Amino acid sequence: MGRKAKISTNKDDRADQRRRTERLKKVASNSNKLQKTPPAKLQKEAKQAYRDLYPILNESGFIVQADLHTVILLCMQIQIYKQAYENITEHGIETEIWESKQDSSGKIIGKDFKGFKANPAVRMLSDATSKVQSLSDDLGLAPGARARLLETVEKNTDDESIDDMLNKDSDF
Numbered sequence: 000m001g002r003k004a005k006i007s008t009n010k011d012d013r014a015d016q017r018r019r020t021e022r023l024k025k026v027a028s029n030s031n032k033l034q035k036t037p038p039a040k041l042q043k044e045a046k047q048a049y050r051d052l053y054p055i056l057n058e059s060g061f062i063v064q065a066d067l068h069t070v071i072l073l074c075m076q077i078q079i080y081k082q083a084y085e086n087i088t089e090h091g092i093e094t095e096i097w098e099s100k101q102d103s104s105g106k107i108i109g110k111d112f113k114g115f116k117a118n119p120a121v122r123m124l125s126d127a128t129s130k131v132q133s134l135s136d137d138l139g140l141a142p143g144a145r146a147r148l149l150e151t152v153e154k155n156t157d158d159e160s161i162d163d164m165l166n167k168d169s170d171f
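The numbers in the sequence shown follow numbering that gives the first Met the number 0, run straight up by one, and end at 171.
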């Protein structure tokens, strides 16, 4: 697998990188802009993530309304990431396992320490981190993703324009 293509408008970068970036912006400028308000189905932290991301995504000029579902997924994963981190901060990465000892009447007479188990939030944090990175990459928040998106646009040889494909009516 080759190096990810770079998106840049910096005059010091290569001309092909600048041309690729400008073509992507031109295609996106003909599409419906991403909605400014967070979708109602998002919860509090995910809505805040949307509000934080919107100016960045809008300013990039690459993200349009057709990308809304990917943006929603990113915001949801950011919320899961934050909740998992808060759980780990509060409860640690491991929890103790204790076994209760009972007498014949069922009364607890003591507890034996059995060891530790991993806090499930650690795995949730790891999964959410991977998904946030992947979705960020898909949305062009990482330079390589923007370049790959342009390559996809350039390979489209159909008569139907990208704008027509993104904005046509669908059965969804």
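Beta carbons are placed, not taken as given, at the ideal position from N, Cα and C, and that holds for glycine.
Since the structure is predicted, the reported quantities are computational estimates derived from the model, not experimental observations.
Open item on the list: Quick check on the DSSP output: the alpha helix (DSSP H) that includes Ala117 runs from which residue to which?
Closed with: Where Ala117 is concerned, there is no enclosing alpha helix (DSSP H), although the beta strand (DSSP E) it sits in stretches over 107-117.
Open item on the list: For the beta strand (DSSP E) containing Ser59, name the first residue and the last one.
Closed with: Where Ser59 is concerned, there is no enclosing beta strand (DSSP E), although the alpha helix (DSSP H) it sits in stretches over 43-59.
TODO: Measure the alpha-carbon distance for Arg18 versus Leu140 and round it to whole angstroms.
DONE: 19 Å
Task: C-alpha gap between Ile71 and Ala83, whole angstroms - done: 18 Å
Open item on the list: Going by C-alpha to C-alpha distance, which of Gln16, Thr69, Leu41 sits closest to Gln132?
Closed with: Thr69
- [ ] Report yes if the C-beta distance between Ser99 and Lys110 is below 7 Å; otherwise report no.
- [x] yes
Task: Per-residue DSSP class, three states only, for Thr94 - done: strand
TODO: Determine, using beta-carbon pairs with one atom in the segment 50-68 and one in the segment 80-96, whether at least three such pairs fall under 8 Å.
DONE: no
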